[in-house]
Each structure stands twice: as C-alpha cells, then as structure tokens.
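Counting with mature numbering (1 follows the signal peptide of the UniProt record, and there is no 0), you get residues -26 to -1, 1 to 315 for the letters of the sequence shown.
Notes to accompany the following structure.
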Amino acid sequence: MLKRRNSIWLLSALFILLVLSACGQAATTSNTTETTTTGAADTESSTDSTSASDADATGTEGETVTYQSDAGEVEVPVDPKRIIDLTAFSTGYFVALDAPVVGALSGAINNKYIKDQLKSEGTTDLGEQPTAEQLISLKPDLIIAYTSMEGLDKLSQIAPVVQLQYGKRNFKDLMLEMGKLTNREAQAKDWISQWEAKINELKPKVLATVGDRTVSILNPYAKGLFVFGHNYGRGGEILYDEFGLKAPKRAQTEAIDSGTGWASISMEVLPEYAGDIIFTSPWSGDTTDPKIVYDNTVWKNLTAVKEGHVFQLDPTSDTYNDPVSLEGQLKFISDSLLSVK
C-alpha cells in the first residue's frame, strides 16, 4: 500500500518502444531529432548546444564511468546532461546539486519546494504514467528509477538506467550518492556541512523548548490513521533523527525501531500513539475526508489538541525528504516547535 509508485505503465510503453525500434534502427539512430515536433526540436537543439559547450569545457563529453547502483553496475555519463527521474522522490536531490533534469513525474513537478527551480530549468512534466514517446523525445542520457518498477531492462534501450531502492539510505548518504552519480561530490558534501550547521544552531533551542514532551506524525486515511517514523518524510528525519525528539513508546516501537517507517492504527488506540505535540495532514493517497478523524471526540480529547500543539503539514509536498524539501520543512518544523508553550 505504501510502496512508491510502481510504473506499470512501462508494460504498455514497451510495446510502443519495440514498434519504434522495428521501424528501422538505422534511421532512428541518424534522424532522432527529425522525428520530434518542430517546437520540441527547436527547444532540444538549444539544450543540446548548451550541453555540448558545457561538455567541451569540462572535457567529459561522451565519457562514461561504472556506477554501482542498487541493482548492479551501470555505465553512466561522467557528467550527465539530460536526466529523467521516474521516482519523483529523488528529483529534489538533482535540484539541490544543480544537475539538469529534463523530465520528472507530476508529484515532483508540483512539490512546492522545488517546482520553481524545475520550471526555470524547463523540466518536462511527465505526468504519473509517462509514455515511451515522451521519454524518447527528451533524449535522456540518464534515467533514474526504483528497483520495484517493472520493465526496467527495456528502459535501458533508451538510456542508462540507475536503479535506487527506496529507503535504503538516509538522506545524507543518498545525497552523497547522487553527488557521486552526477560528478558533483563536492557540492553534496558542502550541502551536508551547511545543513548540519543549521541543525547545530537550532537543536539546543528546540530541545530547551520541547523538553521531555513526545512528538507524533499522524495522517488520517480511509481505514484509520498512519503513524510515521524517522525515514518516511513528513518531517520525521528532522524531528526524530536530527533533533532527537521522542516519539510515544508504541510509535517508537512500531514505526521507528521496526525499521518500517510507519504503522497503521485504528481510532480506538490513537491515544497510545499520540504525542504531546502532533504534526499531521490528510493522507494524499485517498480522498477520505480527514474530518472523520479531526472531528472525532477521541481526537479532540488528545492533550496536543486541547493545548493547541497540533501543526498542519502540507499533504503533497511534505511527504518528500529530499534536501530542498527538508530545508523548507526545517523552517516550518523549528518555528512550530519553538512556538510551543
């Protein structure tokens, strides 16, 4: 249920890809630009010219390196110029590293923390079910996908595919990996240093204000509530790992110590998982009215609710835990915690 988007669209898209291949591999290879629309060709011509000049300046045009992905070794460009991200949750890493993303899923495009940067780069919104034609027309030199996606072997016919296993690394380790992948290791290390400096400045203030009070992340959904831990976005990385705040005992056991990052509970047991401070938002995975929970007497009788210590997260953008999204969340979370009396 909580698995990241599984691109089943690839099954139908692969048929299109095979048809395109059968139409004449030699013609496709020599006339790729001519197969796009006039507007797309003009745009891509400009992008390609910029990429070529950048590559000439760095001396890396056409060079490749072996990268160890979560599914094995892949030959990738030394300095990728046209990245397509099919994970959505990794896009912010490339934004933070100023690595060129030519195509991304709608979830990333609409993430309030990175949408302006993507718009300024001219990143194409691939929707939630991209077609083979979309991918081919963007002429990627690198594709990012999750290991759980189907048809990944066929995607490699378009460009090298680097597979990531969601949740395998914390955000700092993944930042270093993405820096390595994009030839931007120095930038990745610099971001981590600046992030840790911010945490070191804020953490003593937060701990002094919050004290021994517990903190919960709760999302109402159709069958009850989700309780989130330290590695599933929604500020968990900041609250529990960076600030070292305490979760209620059952939330700690089931959503953090278990390694799953989340737990599903019913309204009846909510008080056992609800902290003295609550961060919450509706669940973006269904259309259930969250008032079913928020108007319930069990919710209204929680200590955090009575004392005004409930803070609303963004149900679409705060689910992300990339560096740029975390920077935005850090301000909201720290301001909220420091306002607690």
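Beta carbons: idealized from backbone N, C-alpha and C, even for Gly.
If we call anything under 8 Å between Cβ atoms a contact, is Arg187 one with Asp292? no
Flag this pair as yes or no: are the beta carbons of Lys142 and Ile166 separated by less than 8 Å? Cβ distance not < 8 Å, so Lys142 and Ile166 don't count as in contact.
Note the first and the last residue of the continuous alpha helix (DSSP H) segment covering Val310. The sequence as given places Ser at residue 310; Val does not occur at that position. From DSSP, the alpha helix (DSSP H) with Ser310 extends over Pro297 to Leu312.
Under DSSP, the beta strand (DSSP E) around Asp59 begins and ends at which residues? Ile57 to Asp59
Report the rounded CA-to-CA distance for Gln226 versus Gly81, giving the unit in angstroms. 29 Å
Beta-carbon separation of Ser238 and Gly198 under 8 Å? yes
Spatial neighbours of Lys(-24) within its chain, please: C-beta separation below 7 Å, excluding the five flanking residues on both sides. Low confidence applies here, because Lys(-24) scores a pLDDT of 39, under 50, leaving its location unreliable and the question unanswered by this model.
Report yes if the C-beta distance between Leu116 and Gln108 is below 8 Å; otherwise report no. no
Do Val284 and Ile307 have their beta-carbon atoms positioned less than 8 Å apart in this structure? no
Rounded to the nearest angstrom, what separates Ser258 and Ala196 at their Cα positions? 11 Å
For Lys274, write down the residues that DSSP places opposite it in a beta bridge. Beta-bridge pairing links Lys274 to no other residue.
Pick out whichever of Val135, Ala278, Thr262 and Tyr206 has its Cα sitting closest to the Cα of Ser299. Comparing alpha-carbon positions, the option among Val135, Ala278, Thr262 and Tyr206 lying closest to Ser299 turns out to be Tyr206.
Among Asn85, Gly77, Asp250 and Glu95, which one has its Cα closest to the Cα of Asp288? Asn85
Asn157: which of Leu181, Glu242, Thr105 and Asp53 sits nearest, CA to CA? Asp53
DSSP three-state call for Ile239: helix, strand or coil? Note: Ile239 maps to strand in three-state DSSP.
Kindly list the residues whose CB is nearer than 8 Å to the CB of Lys265, restricted to its own chain and excluding five residues on each side of it in sequence; keep chain order. none
What does DSSP give as the partner residue(s) for Gln42 in the beta ladder? Glu47
Out of curiosity, what's the CA-to-CA distance linking Asp263 and Asp269? 10 Å
Here's a check: name, in chain order, each residue in its chain whose Cβ is nearer than 8 Å to the Cβ of Ser27, leaving out the five neighbours to either side. Only weak support exists for where Ser27 lies, its pLDDT of 37 falling under 50; the coordinates are left without a value.
Would you say Ile83 and Val69 are within 8 Å of each other, going by their C-beta atoms? no
Segments assigned beta strand (DSSP E), at least 3 residues, entirely inside the region 162 to 249: Secondary structure within the region 162 to 249: the beta strand (DSSP E) runs of 3 or more consecutive residues, fully enclosed, are 189 to 195, 198 to 202 and 236 to 239 (chain order).
On the CB-based measure, 16 or more other CB atoms within 10 Å of its CB, does Leu304 come out buried or exposed? Leu304 is classed as buried because its beta carbon has at least 16 other beta carbons within 10 Å across all chains shown.
Tell me where the beta strand (DSSP E) around Gln286 begins and ends. Val284 to Gln286
So, helix, strand or coil for Gln139, using DSSP? coil
Can you find the residues in the same chain that come closer than 7 Å, C-beta to C-beta, to Leu112, ignoring five residues on each side of it along the sequence? The beta carbon of Leu112 lies closer than 7 Å to those of Arg56, Ile58, Val76, Gly77 and Thr98 in the same chain, with the five residues before and after it left out.
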